[in-house]
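Written below as C-alpha cells is the structure these notes are about.
There are 2 protein chains.
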Amino acid sequence: MKLTPLADSLPASVPFVGPEAQERARGAPFAARLGANESVFGPSPRAIGAMERAAREAWMYGDPEYYTLRQALAAHHGIAAKNVVAGEGIDGLLAYLVRLLVGPGDAVVTSAGAYPTFNYHVTGFGGTLHTVPFKGDHEDPEALLKKAGDVGAKLIYLSNPDNPMGSWHDANVIADMIARIPEGCVLCLDEAYADLAPPDAVPPLNVTEDRVIRMRTFSKAHGLAGLRVGYALGHADLIGAFDKVRNHFGLGRVAQAGAVAALADLDWLAEVQARVAQSRDAIAAIAEQNGLTPLPSATNFVTVDCGSDGGFARAVLAALITQGIFVRMPGIAPLDRCIRIGCGTAADMDALRVALPKALAQAVS
Amino acid sequence: MKLTPLADSLPASVPFVGPEAQERARGAPFAARLGANESVFGPSPRAIGAMERAAREAWMYGDPEYYTLRQALAAHHGIAAKNVVAGEGIDGLLAYLVRLLVGPGDAVVTSAGAYPTFNYHVTGFGGTLHTVPFKGDHEDPEALLKKAGDVGAKLIYLSNPDNPMGSWHDANVIADMIARIPEGCVLCLDEAYADLAPPDAVPPLNVTEDRVIRMRTFSKAHGLAGLRVGYALGHADLIGAFDKVRNHFGLGRVAQAGAVAALADLDWLAEVQARVAQSRDAIAAIAEQNGLTPLPSATNFVTVDCGSDGGFARAVLAALITQGIFVRMPGIAPLDRCIRIGCGTAADMDALRVALPKALAQAVS
C-alpha cells in the first residue's frame, strides 16, 4: 500500500468530535444536547411518516438523479432543477465543490475560525488556505475580497448567517460582495441557517450569476441532521459540473423521501422558527442573569460572550459538559471568549438555567 | 468559475441511468424491478423498526465515528474496529480508496465490462485505466496480475462473486491472487455479493495483509440499497487512512441504525439467502424453457446467455422493458450476449415467465 503524496501528507482526523464520543468518554449520556446546532424540535411529523414508509421500501436504491427532490427544491425556490444539486449534507457538497475548483496549490480564502470542515476539504484536495480575521464577531466581506484578489483565490468561503458567531450581514452587503468577486473566483455562500434568519439577511437568488454558489441544508431548521441532505443553488454550469464527481447514489431513498416531505411542510418550518426565536430569547435571558453577554443571533444557537479570554470560556464549557450539557465553542481568539449554546426545549433551558451558574462558579475557582 | 484542468476534462455523466428515469421516460412504473441487483425480499423487519425509531430522532447527527456500527461489524467478522471503515455505499468507499491511492497518471487495472462506477472514480481522480478481458465469463486473476505488473498498477479491481456475470472464483484462487499482488499495489476485492455466495467462494479474512481491501455492503443480501451503507475490511493502516478524506458525517443516524439492526438479524439473512436461491432456480428454469442458457450464479441475479450477439440481447432487453420488466445487461462484448435478471418474488417470476417469450418473439422479428 502506497498512498498518493497528497494523501500521505494529510492528517487522519475527525473535524468534529461527536457528542457520542464524548458520552462514551464520560460514561454517561448528555442531559441536554445543545452543541451541534441541531434542531431539538425535531423533523416535521410528515417527514417522519415519509421516512417510515421509505424504510419499508429501503431495498430499492434511491433515484440517482434525485429527480423528485430537485423538482421540489426548484419549485420551492422558484428556479429550475438544473440550478439545484443535492448531496450528502453541505459537508459532502463542499467536498465536491472544492474538488471541482481547487487543484494542488490553488488559493482559497476563508475566515480564521470559520467552518473547519470546509478547511478539511481544501487541505484534502491540496489547496492552500488563506485566512482573514473576523471583524467585530462578523465575517468580513471586505477583507475576504481583498485577500482573494491578493492571492488569486479560486474559492472564497463565507457563511451568512455565521457559524460559530450567529452574526449576519444584510442582504445588500452580501449582494455587493457577490458583485465584486474577482473573475475566475467563486464565492461559496454557506446559508445553512437561512431558514432561521431575518428575511433581509438573505439576498435574492440569481442563478444566472456564476460567481456564487449557495449551500442549504435540511440539517438545521428542518431538523434532519441525521438524514444528511444538503443542497446547493447556482448557475447551471457549475451545478451541472457536480455530475462529474458526485457519488450518484449518495442520497438514498429514505433520505430523499424525508427531505421531500420536510420541504412540503412549511407549517412545521414556521413552528420551528417560532420555537427557535423563543429559545434564543431564553438563552439570552439565562446568559444575562449570569452576567454574560449574549450576541445577537440569526441561527438556532446563541453565542455567549463569557467576558474574559479563551481559557475562561474553555473552563466554563468543560464545567457545563461535566454537568451533562453538551455545548461547543469557537476555536480561535478572540472568538473563543465565547461559548455557543444551541436552542432547546423548555427542559433543555431549565437544565441550562441550573447548570450555567454552577459552571461559572467552577470556572472562576 | 473555472474548473480544475482535471475536472474540466471529465464528462458530466451518471454512471447508471436509474429505473426511475426510465419510468419517467416511459410514463409508467415497472411491473417488476429486477435490474439493479436489489433485494426485492426487503430488509429485516428489525431493520425497518430501527429505521422507524431513528426517523423520530433524525434531528441528531449520526456519530461521525460510526462507533456502534463498526463495533458490530468487527464482532460479526471477528476482527477489530480499526480494521473496519463504513461509508456511503461501496460507491462512496471506492471514491475514497481511489483518492487515497491513485494520483494523476497512476495506473489502475480492471476487467473490461466490470463495475463502471469504479472506472468513474479512477477517471475522476486522474488515474489511467488498463483493462483485461473476462475469460470464460469470469474475471481473470492471472491476466489482472500480469497487467498490473506490466503497467506498475497502484490498484487492481476484482469483484468476487462477479457483477455483471454472477460467476465466482474459489477462495483459494483469490487467496493465491492476493499473495501475488505486486509490491506497492492494492487489490480492491469487491465482495458485495459475499453473503449470497457459496462459503468456499470467500477467502478467510486476514487483516494483517495490506495488499487487499475487501468491500462489503448492506445493499444486497441485507436489502438496504436505499440506505446506502457499505463498509470495507482491511489492514488498519489503509482503513485508518480513510479518516483523511472521508465525509465524516456521511452516514446519518437513520442509516447507521438500520445497518446495525440488519446485521443483528441473521435469521432474516438466512431467509433471504433461501429465497434468493429459490429465485435463481426459477430464473434458470424460465430461461431454459425459452431456449436460453442461464449462467451459474453466486449472486442475487442470474445472467442469461441469449445465444446470439449483443444486438440480439439488447433487443430482448428493450422488449422486456417495454413490457414493464426492468432488467439490465453487460455493456461489453462478448458479455453483452447476455441479459442480467435479478431475483424476485413469485409475482416477479410470474411476470417474467409471461414477458420473456414475448420479448424473444419481438427480438427475432
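If you read the protein sequences in the order shown, they are chains A and B.
Per the UniProt record's numbering, the first sequence starts with residue 1, numbered consecutively.
Per the UniProt record's numbering, the second sequence starts with residue 1, numbered consecutively.
Virtual Cβ for every residue (Gly too), placed ideally from N, Cα, C.
Everything numeric in this text was worked out from a predicted model, so none of it was measured.
Taken through DSSP and simplified to helix, strand or coil, A/Tyr-120 comes out as helix. Against chain B, the beta carbon of A/Arg-253 has neighbours under 7 Å at Gly-226, listed in chain order. Residues of the region 241-274 of chain B with a Cβ closer than 8 Å to any Cβ of chain A, in chain order: Ala-241, Asp-243, Lys-244, Val-245, Asn-247, His-248, Phe-249, Gly-250, Leu-251, Gly-252, Arg-253, Val-254, Ala-255, Gly-258. The C-alpha of B/Leu-295 lies about 8 Å from the C-alpha of B/Ala-284. The beta carbons of A/Ala-363 and A/Val-316 sit about 5 Å from each other, so the pair counts as a contact at 8 Å. In summary, the residues of the region 53-71 of chain A whose CB is separated from some CB of chain B by less than 9 Å are Ala-54, Ala-55, Arg-56, Glu-57, Ala-58, Trp-59, Met-60, Tyr-61, Gly-62, Asp-63, Pro-64, Glu-65, Tyr-67, Thr-68, in the order they occur in the chain. A/Ala-194 carries a helical assignment under DSSP once its states are collapsed to helix, strand and coil.
Put simply, of A/Lys-220, A/Thr-131, A/Ala-282 the residue whose alpha carbon is nearest the alpha carbon of A/Leu-352 is A/Ala-282. The three-state secondary structure of A/Arg-216, taken from DSSP, is strand.
Under the three-state reduction of DSSP, A/Leu-224 is assigned to coil, being neither helix nor strand. Listed in chain order, the beta strand (DSSP E) runs fully inside the region 298-341 of chain A are 301-305, counting runs of at least 3 residues.
In this model, B/Arg-228 and B/Glu-88 are separated by some 5 Å (Cα to Cα).
Restricting attention to alpha helix (DSSP H) runs no shorter than 4 residues, the region 70-106 of chain A encloses them at 89-101, ordered along the chain.
Under the three-state reduction of DSSP output, B/Thr-128 falls in the strand class. The beta carbon of B/Ile-48 falls within 7 Å of a beta carbon belonging to chain A, placing the residue at that interface.
For B/Ala-232, the uninterrupted beta strand (DSSP E) segment begins and ends at 230-234.
Against B/Gly-42, the close residues of chain A are Arg-56, Glu-57, Ala-58, Trp-59, in the order they occur along the chain (beta-carbon pairs closer than 9 Å). Exclusion of the five residues before and after A/Thr-68 leaves Val-260 as the residues of its chain whose Cβ lies within less than 6 Å of its Cβ.
Per the Cβ contact rule, the region 142-150 of chain A is not in contact with the region 265-279 of chain A (fewer than 3 Cβ pairs under 8 Å). For the 7 Å CB-CB criterion, B/Ser-167 and B/Asp-140 do not form a contact. Contact of B/Met-329 with chain A is not assigned, every C-beta pair being separated by 7 Å or more. Taking a beta-carbon distance threshold of 7 Å, A/Glu-88 counts as an interface residue toward chain B. Counting only residues of its own chain and dropping the five nearest sequence neighbours on each side, A/His-248 has a CB closer than 7 Å to the CB of Pro-64. B/Tyr-157 sits in a strand when the DSSP states are folded into three classes.
Sequence-ordered contacts of the region 162-193 of chain B with chain A read Gly-184, Val-186 [C-beta pairs closer than 7 Å]. Of all residues in the region 19-30 of chain A, only Pro-19, Glu-20, Ala-21, Arg-24 place a beta-carbon less than 9 Å from a beta-carbon of chain B. Secondary structure at B/Ser-39: coil, using DSSP grouped into helix, strand and coil.
Proximity of chain A to B/Ser-13 at the Cβ level (cut-off 8 Å) is accounted for by Asp-243, Lys-244, in chain order. Residues of the region 90-105 of chain A with a C-beta less than 8 Å from any C-beta of chain B: Asp-91, Gly-92, Ala-95, Arg-99, Leu-100, Leu-101, Val-102, Gly-103, listed in chain order. An exposed status is given to B/Thr-322, since fewer than 16 other beta-carbon atoms sit within 10 Å of its beta-carbon.
Closer than 7 Å to the CB of B/Ala-7 there is at least one CB belonging to chain A. Shown here, B/Arg-33 sits in a strand according to DSSP, grouped into three states.
Chain-order list of chain A residues neighbouring B/Glu-288: empty, with the shortest C-beta distance near 27 Å, by a criterion of under 7 Å.
Listed along chain B, no residue sits closer than 9 Å to A/Thr-217 by beta-carbon distance, the nearest being about 11 Å off. By the neighbour-count criterion, in which 16 or more other beta carbons inside 10 Å mark a residue as buried, A/Lys-358 falls on the exposed side.
Distance from the CA of A/Ile-181 to the CA of B/Ala-225, rounded to the nearest whole angstrom, comes to 42 Å.
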